[in-house]
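S.K.: Protein chains in written order, with our numbering: chain A, 1 to 103; chain B, 1 to 103; chain C, 1 to 103; chain D, 1 to 330; chain E, 1 to 330; chain F, 1 to 330. The beta-carbon is built from N, C-alpha and C at its ideal position, and this holds for glycine as well. Everything numeric in this text was worked out from a predicted model, so none of it was measured.
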Amino acid sequence: MHTTRAKRVEIIIEAPMESRLTNVLDRSGVTGYTVLPVLGGSGQSGRWTREGQVSSAGGMVAIVCILRTERLDAMLDAVFDVVERHIGVVSITDCDVVRAERF
Amino acid sequence: MHTTRAKRVEIIIEAPMESRLTNVLDRSGVTGYTVLPVLGGSGQSGRWTREGQVSSAGGMVAIVCILRTERLDAMLDAVFDVVERHIGVVSITDCDVVRAERF
Amino acid sequence: MHTTRAKRVEIIIEAPMESRLTNVLDRSGVTGYTVLPVLGGSGQSGRWTREGQVSSAGGMVAIVCILRTERLDAMLDAVFDVVERHIGVVSITDCDVVRAERF
Amino acid sequence: MDTVLTLAADNLLSPLILFFALGVLAALARSDLTIPEAAAKTLSLYLLFAIGFKGGVSVSGHGVDGDLVASMLAGTVLSFSLPFVAFAMLRVTTGLSVVDAAAVAGHYGSISIVTFVAATSVLESAGIASEGYLVAVAAIMEAPAILSALWIAARFSADTGNPVDARDRQGLLREILLNGSIVLLIGSFLIGYITGEDGLVEIESFVVSPFKGVLCLFLLDMGLVAGRGLRSSAKHLRPGLIGFGLLMPVVGAGAGLLGASLVGLSVGGTLLLMTLSASASYIAVPAAMRVALPEANPSIYLTMSLGITFPFNLTVGIPLYLSVARAVGG
Amino acid sequence: MDTVLTLAADNLLSPLILFFALGVLAALARSDLTIPEAAAKTLSLYLLFAIGFKGGVSVSGHGVDGDLVASMLAGTVLSFSLPFVAFAMLRVTTGLSVVDAAAVAGHYGSISIVTFVAATSVLESAGIASEGYLVAVAAIMEAPAILSALWIAARFSADTGNPVDARDRQGLLREILLNGSIVLLIGSFLIGYITGEDGLVEIESFVVSPFKGVLCLFLLDMGLVAGRGLRSSAKHLRPGLIGFGLLMPVVGAGAGLLGASLVGLSVGGTLLLMTLSASASYIAVPAAMRVALPEANPSIYLTMSLGITFPFNLTVGIPLYLSVARAVGG
Amino acid sequence: MDTVLTLAADNLLSPLILFFALGVLAALARSDLTIPEAAAKTLSLYLLFAIGFKGGVSVSGHGVDGDLVASMLAGTVLSFSLPFVAFAMLRVTTGLSVVDAAAVAGHYGSISIVTFVAATSVLESAGIASEGYLVAVAAIMEAPAILSALWIAARFSADTGNPVDARDRQGLLREILLNGSIVLLIGSFLIGYITGEDGLVEIESFVVSPFKGVLCLFLLDMGLVAGRGLRSSAKHLRPGLIGFGLLMPVVGAGAGLLGASLVGLSVGGTLLLMTLSASASYIAVPAAMRVALPEANPSIYLTMSLGITFPFNLTVGIPLYLSVARAVGG
Ligand SMILES: Nc1ncnc2c1ncn2[C@@H]1O[C@H](COP(=O)(O)O)[C@@H](O)[C@H]1O
Ligand SMILES: Nc1ncnc2c1ncn2[C@@H]1O[C@H](COP(=O)(O)O)[C@@H](O)[C@H]1O
Ligand SMILES: Nc1ncnc2c1ncn2[C@@H]1O[C@H](COP(=O)(O)O)[C@@H](O)[C@H]1O
Ligand code: NA
Ligand code: NA
Ligand code: NA
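(1) Between the alpha carbons of residue 88 of chain F and residue 33 of chain F, how many angstroms are there, rounded?
(2) Chain D beta carbons: is any one of them nearer than 8 Å to that of residue 162 of chain E?
(3) For residue 296 of chain E and residue 104 of chain E, what's the separation of their Cα atoms in angstroms?
(4) Measuring alpha carbon to alpha carbon, tell me which of E/100, E/278, E/50 and E/307 ends up nearest residue 20 of chain E.
(5) What's the call for residue 304 of chain F, buried or exposed, on a 16-neighbour Cβ count within 10 Å?
(6) Which chain A residues are close to residue 39 of chain C, counting only those with a beta carbon under 7 Å from its beta carbon?
(7) In chain order, what residues of the same chain lie with their CB nearer than 6 Å to the CB of residue 301 of chain F, ignoring the 5 residues before and after it?
(8) Tell me the residue span of the alpha helix (DSSP H) that contains residue 301 of chain F.
(9) In this structure, does DSSP put residue 49 of chain A in helix, strand or coil?
(10) Given the structure, does residue 60 of chain C come close to ligand 3, in the sense that its CB is under 7 Å from one of the ligand's heavy atoms?
(11) Smallest Cα separation from residue 57 of chain D: which of D/192, D/201 and D/80?
(12) Output needed for residue 11 of chain D: all residues of its chain with C-beta closer than 6 Å, excluding positions within five of it in sequence on either side, in chain order.
(13) What does residue 42 of chain A pair with, by DSSP beta-bridge criteria?
(14) With a threshold of 16 other CB atoms inside 10 Å of the CB of residue 5 of chain E, please say whether the residue is buried or exposed.
(15) Name the chain B residues whose beta carbon is nearer than 8 Å to that of residue 295 of chain D?
(16) Whole-angstrom Cβ separation of residue 97 of chain A and residue 4 of chain A, contact assumed at under 8 Å?
(17) Determine which residues share a DSSP beta bridge with residue 95 of chain B and list them.
(18) Could you tell me how far apart the beta carbons of residue 60 of chain A and residue 6 of chain A are, in whole angstroms, since I believe they sit closer than 8 Å?
(19) When Cβ atoms are compared, which residues of the region 17-42 of chain D fall closer than 7 Å to chain E?
(20) Select from E/37, E/92, E/14 and E/109 the residue whose C-alpha is nearest the C-alpha of residue 78 of chain E.
(21) Looking at residue 33 of chain A and ligand 2, is the gap between the Cβ and the nearest heavy atom below 7 Å?
(22) Closer than 7 Å: is that where the CB of residue 65 of chain A sits relative to any heavy atom of ligand 2?
(23) How big is the Cα-Cα spacing for residue 69 of chain A and residue 80 of chain A?
(24) Please list, in chain order, all residues of the same chain as residue 80 of chain E whose beta carbon is under 8 Å from its beta carbon, the five residues on each side excluded.
(25) Determine, for residue 17 of chain A, whether the minimum Cβ-Cβ distance to residues of chain F falls below 8 Å.
(26) For chain B, is any of its Cβ atoms less than 8 Å away from the one on residue 232 of chain D?
(27) Helix, strand or coil for residue 162 of chain E, going by three-state DSSP, please let me know.
(28) Going by CA-CA distance only, name the one from E/23, E/242, E/257 and E/49 that's closest to residue 180 of chain E.
(29) Taking the alpha-carbon positions, what's the residue 269 of chain E to residue 256 of chain E distance?
(30) Against chain D, does residue 187 of chain F count as a neighbour if the rule is that its beta carbon must be under 8 Å from one of theirs?
(31) With DSSP collapsed to three states, give me the class of residue 180 of chain E.
(32) With a CB to CB cut of under 6 Å and the five nearest residues on each side skipped, what residues in its chain are close to residue 161 of chain F?
(33) From residue 156 of chain E to residue 84 of chain E, what distance separates their C-alpha atoms?
(34) Is it the case that the CB of residue 305 of chain E approaches a heavy atom of ligand 5 more closely than 7 Å?
(35) Going by C-alpha to C-alpha distance, which of E/251, E/169 and E/28 sits closest to residue 229 of chain E?
Set out below in structure tokens:
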């Protein structure tokens with residue numbers, strides 16, 4: 001099956017920032033992204049867990065975005081404007097996709 | 001620790017197709033897969049979110065399958081029979097696994 | 001944007017083992033990890049699904065940990081002490097991170 | 001006519017409608033008000049549980065009269081045939097593709113259980129009795145329309161060679177018939193029938209007393225979903241489609257009226273069969289269509305069913321059908 | 001004997017059992033009916049909350065008599081010792097490995113709170129009183145069996161060198177004792193005891209009236225889980241295991257009867273202690289076993305407990321134990 | 001003073017407080033007892049739904065008197081101004097940074113609806129009436145404090161150049177005003193007002209009877225969250241902060257008393273406005289602060305609000321405010 005190299009960016013960020021980040025993604029020209037729930041985690045700001053959160057302020061989400069390599073830099077710049085001042089982690093992986101014209 | 005190269009395939013597909021896809025995976029000879037929930041996303045068919053869905057028709061799931069490289073092609077062929085006509089995204093990443101005999 | 005190579009380790013393990021595994025991670029010197037819910041899956045021990053579980057004994061979670069390459073071996077050793085006797089899958093992927101000093 | 005207006009006005013100011021409207025407005029205003037998915041599903045399970053059980057108890061009280069089988073039959077015929085009517089109307093009045101039109105048509109042959117419940121609660125307020133077994137008719141009307149829609153799509157569409165292979169087709173049929181909401185509705189109906197009044201007494205304060213309040217919460221959620229759908233799919237709502245979404249329920253209600261007269265249902269029962277025929281599915285059919293007719297655009301059928309026809313029936317439709325049922329039946 | 005049959009027949013046609021059966025059938029037929037995980041957990045929290053609270057109120061009403069401590073002691077002894085009986089039986093009648101047998105044995109020493117609740121509701125229907133503090137006995141019986149199972153596994157098993165290190169062992173003990181369901185049950189019991197009838201009046205329409213309906217919904221879910229378990233684990237169900245799953249509850253009930261006689265419980269209390277001893281855990285113990293005895297196969301113990309023993313107690317067991325308790329106590 | 005103590009003692013032994021305490025203890029003891037997130041959210045939606053609706057019905061009964069507008073105004077002024085008081089106190093008594101102090105101050109200007117509900121239930125037990133429209137005042141007091149906090153942070157903080165750009169600022173304002181809990185509370189209030197007693201009769205057994213029981217369950221969850229917060233954020237709780245968390249509610253209650261006197265509220269209404277002013281937000285404001293003031297440390301404001309001030313108000317505060325309200329009003 002014919003595949004093409006692309007990038008998979010995974011962003012873990014606070015739930016209240018989700019809509020801001022996806023707005024930025026929409027504007028940065030990526031063709032899509034997927035939001036996954038997160039149960040809990042640990043980082044510089046300590047350990048947390050989703051269960052029994054009265055407020056959604058403490059929760060996080062993971063956003064996965066697959067995009068063509070040439071779009072990566074523009075996307076990262078856009079994302080960092082939002083992520084910078086917030087709790088969050090960004091990682092980038094090489095991947096292969098089928099139907100490259102979609103990305 | 002001794003590790004072996006393998007492939008990690010991530011498929012994002014509509015929830016109503018989950019059982020069809022996992023049936024196909026079972027038949028294609030992979031040794032396992034994991035299904036993760038998805039909260040929302042955006043793509044060619046627009047933006048959607050899981051919250052408050054009355055019907056499960058609109059939701060999506062992410063399926064992660066780790067498999068030996070030599071099984072990849074057979075697996076992708078099988079998967080595409082299902083994914084093709086449906087909304088969905090497939091990406092493939094190189095990975096390393098321990099206990100390679102499991103995959 | 002300046003990025004640095006790192007490792008992304010993904011561990012799928014039974015929910016009752018979550019706290020043991022994250023304790024081990026904390027002790028092994030990683031700077032953080034994220035826990036994602038899992039809906040279902042299939043492996044050597046058969047197929048299972050989360051819905052309608054009366055007990056949490058059957059559920060699984062996915063733990064993602066991004067860490068500097070030089071910490072990988074110590075981390076895998078620590079993790080395997082826990083995972084070995086339990087149902088679970090570990091995969092390691094190369095990735096790039098920004099703000100490498102965090103990991 | 002006077003009664004229609006009074007009824008409609010009364011109906012419009014009931015908590016049920018108002019909570020639905022609150023949901024629509026909140027979604028249109030982009031409020032972040034949401035009901036968690038697990039809660040929405042659980043509310044809907046509760047409604048099916050309660051309505052099935054009460055229906056069964058009511059049949060156990062009044063006994064199974066000969067009309068039950070006739071009503072079941074009428075429901076099945078309506079569900080099978082309405083998609084053809086809807087498909088013809090859609091092809092004439094809108095520019096939808098064959099596949100999209102078939103998918104929408106399937107929704108209008110099937111039923112909306114919440115619309116049914118809303119009609120029941122209008123009957124209650126008006127003190128009009130109805131046949132308890134119409135719950136079972138509701139359950140039986142969910143599925144046939146799906147088969148009609150698939151047949152229409154296969155028959156009139158050129159592009160799909162052999163969309164679903166034999167193994168999947170069988171699986172699909174089983175899925176449609178063993179759909180969770182059908183199983184729960186029929187199962188609770190049977191349990192209600194078996195345990196009768198004694199059973200009802202035991203769980204009355206779970207299935208009867210809080211029912212309307214739960215329904216309000218559920219309608220709030222449906223309003224949120226409908227509002228979000230309207231906002232994001234406004235572009236699909238060309239006048240032809242909107243017209244169809246308002247006309248088709250009236251046509252369906254007419255067919256239901258015919259069926260009810262043939263069977264000889266009471267005024268209450270007539271209203272319920274009219275409402276079932278007039279209503280469009282938004283739970284079972286969309287899920288089936290994603291699997292069986294993936295080329296059809298879900299935004300279209302979900303918006304039509306939930307954003308146009310559901311509120312129409314809830315506000316104008318049910319009072320209208322009731323006054324017709326009364327005129328004909330009384 | 002006549003009474004057993006009548007009781008069993010009555011019991012079989014109660015909504016509780018019928019909804020459990022509906023769940024089993026739906027799962028066996030592969031319907032996609034499911035209760036969301038969050039809802040299932042919440043229903044189970046509700047049951048613990050309500051049953052603990054009502055138990056505490058009832059003790060506050062009748063006062064703490066000397067039997068309370070004796071019953072607690074009896075429960076603890078039963079929970080500690082039944083796993084040894086179960087283990088011996090399993091090793092003789094089945095080919096299970098030491099670890100699997102130990103894990104299963106742990107489940108049968110511990111208790112199933114839903115079985116307990118079902119017995120309570122049979123008592124209510126029959127108008128038989130019981131000691132309120134048996135809820136506390138239920139809570140106390142959850143944990144000791146786990147320790148026995150671990151001890152058995154460590155003692156008789158060769159392959160596991162030192163399965164759990166010291167730090168983890170301590171953690172494990174704390175986890176077992178501070179298990180969420182034990183904490184909620186005991187906590188609600190104490191709150192019920194402290195606030196007494198006044199407290200009950202305040203929250204009666206939450207913890208009393210809808211209780212049975214919620215229980216029906218929960219049993220539907222348990223039926224779904226049991227049915228799915230039976231479907232996927234049928235291969236593990238050799239005759240020896242099935243036999244054990246039917247015999248062990250009767251043996252347990254016998255031990256419970258002995259304990260009840262020594263303590264001098266009422267007929268109702270005797271039934272409840274018998275039921276506790278007869279029932280097998282499917283919430284607390286499986287979770288503990290995954291951590292502490294990961295080599296044990298979860299399909300075996302979950303299927304045994306939920307697929308065989310739970311329905312047996314629900315349908316045949318409880319009426320049987322009640323007629324024995326009556327014969328002995330009356 | 002005697003009454004305060006009696007009231008406080010009564011209050012301390014109510015199921016509400018005891019379930020909160022159970023949650024705190026369970027969390028401190030590291031029990032794995034948890035309420036699923038979806039359930040916690042649904043319980044909180046239920047409380048907003050029920051309290052808004054009942055408030056609206058009560059206003060529809062008593063009619064809109066001139067005090068409504070005055071009370072709304074008083075609430076708005078209180079919510080706008082209390083953050084300034086809190087900020088000044090925090091800067092003097094604690095070493096918090098400007099941003100952290102502004103964020104905490106925002107929480108104390110806004111309100112906690114559960115504290116309000118607890119005060120309502122104390123009024124009910126004591127048989128004291130209150131103005132139904134205070135529910136609407138509660139809703140209106142949620143948001144202004146957030147704006148004050150942002151203004152304070154922008155005014156006194158050097159480090160944040162232009163934290164939020166124009167587009168985001170607008171979005172933020174809309175988000176704050178259309179926050180789900182405000183929309184649901186106001187919406188239910190209006191629906192209650194429109195449908196009046198007739199509407200209440202229809203859904204009474206959903207919004208009235210089980211209310212207190214649901215509140216117990218919700219308070220259990222809040223106790224768990226508060227306990228977890230205390231455990232993990234104990235290091236942030238320096239004496240100055242604890243002192244602020246206990247003093248600020250009393251200061252707020254004083255301001256509320258002043259407002260209530262100016263408006264001329266009844267004793268019951270005075271207690272409620274005092275309680276609103278004394279309470280600190282833990283749902284709406286934290287979410288807004290994460291977006292608008294991400295530099296502020298969430299552990300600090302959540303622990304202050306939920307771990308110190310909420311239990312203080314629940315146990316000591318409300319009885320204290322009631323006896324003051326009585327002394328002044330009677
Ligand atoms: N090294 C890491 N690997 C995976 N997830 C991480 C890592 N560091 C932080 N996170 C996630 O990001 C959240 C915030 O991290 P922090 O800003 O470091 O507190 C954590 O709660 C984790 O969910
Ligand atoms: N580039 C992408 N990266 C990650 N997820 C995507 C991407 N494109 C689409 N998706 C996911 O796949 C779903 C369907 O995509 P589409 O078929 O393009 O509408 C979306 O709702 C997303 O959840
Ligand atoms: N090859 C695989 N790819 C992805 N996930 C897997 C794979 N094998 C197993 N898993 C996950 O790990 C769980 C336990 O696997 P096992 O121990 O093989 O039964 C399964 O239920 C899956 O969720
Ligand atoms: Na219809
Ligand atoms: Na037992
Ligand atoms: Na305040």
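M.R.: The relevant details are as follows:
(1) Position 88 of the sixth sequence holds residue 88 of chain F. Position 33 of the sixth sequence holds residue 33 of chain F. Answer to the nearest angstrom: the Cα atoms are 39 Å apart.
(2) Here residue 162 of chain E is taken as the residue at index 162 of the fifth sequence, counted from 1. Its pLDDT being 45, under 50, residue 162 of chain E is placed unreliably by the model, and the measurement read from it follows with that caveat. So no, residue 162 of chain E is outside the interface.
(3) If you number the fifth sequence from 1, residue 296 of chain E lands on position 296. If you number the fifth sequence from 1, residue 104 of chain E lands on position 104. Rounded to the nearest angstrom, the two C-alpha atoms are 9 Å apart.
(4) Locating residue 20 of chain E in the fifth sequence gives position 20, counting from the first residue. Nearest C-alpha to residue 20 of chain E: E/307.
(5) Your numbering for residue 304 of chain F matches position 304 in the sixth sequence. That one is buried.
(6) As a position in the third sequence, residue 39 of chain C is number 39, starting the count at 1. Per Cβ cutoff of 7 Å: no residues; residue 39 of chain C is ~10 Å from chain A at best.
(7) Taking the first residue of the sixth sequence as 1, we reach residue 301 of chain F at position 301. Hits under 6 Å: 103, 104 and 107.
(8) Position 301 of the sixth sequence holds residue 301 of chain F. It spans 298-302 - the alpha helix (DSSP H) in which residue 301 of chain F sits, taken as one unbroken run.
(9) Position 49 of the first sequence holds residue 49 of chain A. If DSSP states are grouped into helix, strand and coil, residue 49 of chain A belongs with the strands.
(10) Taking the third sequence and counting its residues from 1, one reaches residue 60 of chain C at position 60. Yes - ligand 3 has a heavy atom lying nearer than 7 Å to the Cβ of residue 60 of chain C.
(11) As a first step, residue 57 of chain D must be located in the fourth sequence, where it is residue number 57. Measuring from the Cα of residue 57 of chain D, the nearest candidate turns out to be D/192.
(12) Along the fourth sequence, read from residue 1 onward, the residue named residue 11 of chain D stands at position 11. Only 319 meet the Cβ criterion.
(13) Within the first sequence, residue 42 of chain A is the residue found at index 42, counting from 1. Its beta-bridge partners are A/47 and C/33.
(14) Here residue 5 of chain E is taken as the residue at index 5 of the fifth sequence, counted from 1. Residue 5 of chain E comes out exposed.
(15) Taking the first residue of the fourth sequence as position 1, residue 295 of chain D is located at position 295. The contacting residues are 85.
(16) Position 97 of the first sequence, counting from 1, holds the residue named residue 97 of chain A. Position 4 of the first sequence, counting from 1, holds the residue named residue 4 of chain A. Contact flag correct, Cβ pair sits at about 6 Å.
(17) Position 95 of the second sequence, counting from 1, holds the residue named residue 95 of chain B. According to DSSP, residue 95 of chain B bridges with B/6.
(18) Sequence index remark: in the first sequence, residue 60 of chain A carries index 60 (1-based). Sequence index remark: in the first sequence, residue 6 of chain A carries index 6 (1-based). About 25 Å separates the two Cβ atoms, so there is no contact after all.
(19) 38, 41 and 42
(20) For the purposes of this step, residue 78 of chain E is taken as the residue at position 78 of the fifth sequence. Among E/37, E/92, E/14 and E/109, the Cα nearest to that of residue 78 of chain E is on E/109.
(21) Within the first sequence, residue 33 of chain A is the residue found at index 33, counting from 1. It does: the Cβ of residue 33 of chain A is within 7 Å (strictly closer) of some heavy atom of ligand 2.
(22) Residue mapping note: residue 65 of chain A aligns to position 65 of the first sequence, counting from 1. Yes, the Cβ of residue 65 of chain A comes within 7 Å of a heavy atom of ligand 2.
(23) Here the question's residue 69 of chain A lines up with position 69 in the first sequence. Here the question's residue 80 of chain A lines up with position 80 in the first sequence. Their backbone Cα atoms lie some 17 Å apart in a straight line.
(24) In the fifth sequence, residue 80 of chain E corresponds to position 80, counting from 1. Cβ neighbours of residue 80 of chain E beyond the five flanking positions: 109, 144, 145, 147 and 148.
(25) For the purposes of this step, residue 17 of chain A is identified with residue 17 of the first sequence, where counting begins at 1. By this cut-off, residue 17 of chain A is an interface position.
(26) Numbered from 1 along the fourth sequence, position 232 holds the residue referred to as residue 232 of chain D. Yes, residue 232 of chain D lies at the interface with chain B (some Cβ there is under 8 Å from its Cβ).
(27) Against the fifth sequence, residue 162 of chain E aligns to sequence position 162. Legend: pLDDT at residue 162 of chain E = 45, less than 50; position of this residue unreliable, no value from coordinates given.
(28) Translated into positions along the fifth sequence, residue 180 of chain E becomes position 180. That would be E/49, whose Cα lies nearest to the Cα of residue 180 of chain E.
(29) For this step, residue 269 of chain E is matched to residue 269 along the fifth sequence. For this step, residue 256 of chain E is matched to residue 256 along the fifth sequence. Their Cα atoms are separated by approximately 10 Å.
(30) On the sixth sequence, residue 187 of chain F is found 187 positions in, with the first residue counted as 1. Chain D contact via Cβ: present.
(31) Residue mapping note: residue 180 of chain E aligns to position 180 of the fifth sequence, counting from 1. Note: residue 180 of chain E maps to helix in three-state DSSP.
(32) In the sixth sequence, the residue the question calls residue 161 of chain F occupies position 161. Since pLDDT at residue 161 of chain F reaches only 45, below the 50 mark, its modelled position is unreliable, and the value read off the structure follows with that caveat. Result list for residue 161 of chain F: empty, nothing under 6 Å.
(33) Numbered from its first residue, the fifth sequence carries residue 156 of chain E at position 156. Numbered from its first residue, the fifth sequence carries residue 84 of chain E at position 84. Computed Cα separation, rounded: 12 Å.
(34) Looking up residue 305 of chain E in the fifth sequence gives position 305. It does not: the Cβ of residue 305 of chain E is nowhere closer than 7 Å to a heavy atom of ligand 5.
(35) What you label residue 229 of chain E is simply residue 229 of the fifth sequence in a count that begins at 1. The shortest C-alpha separation from residue 229 of chain E is found at E/28.
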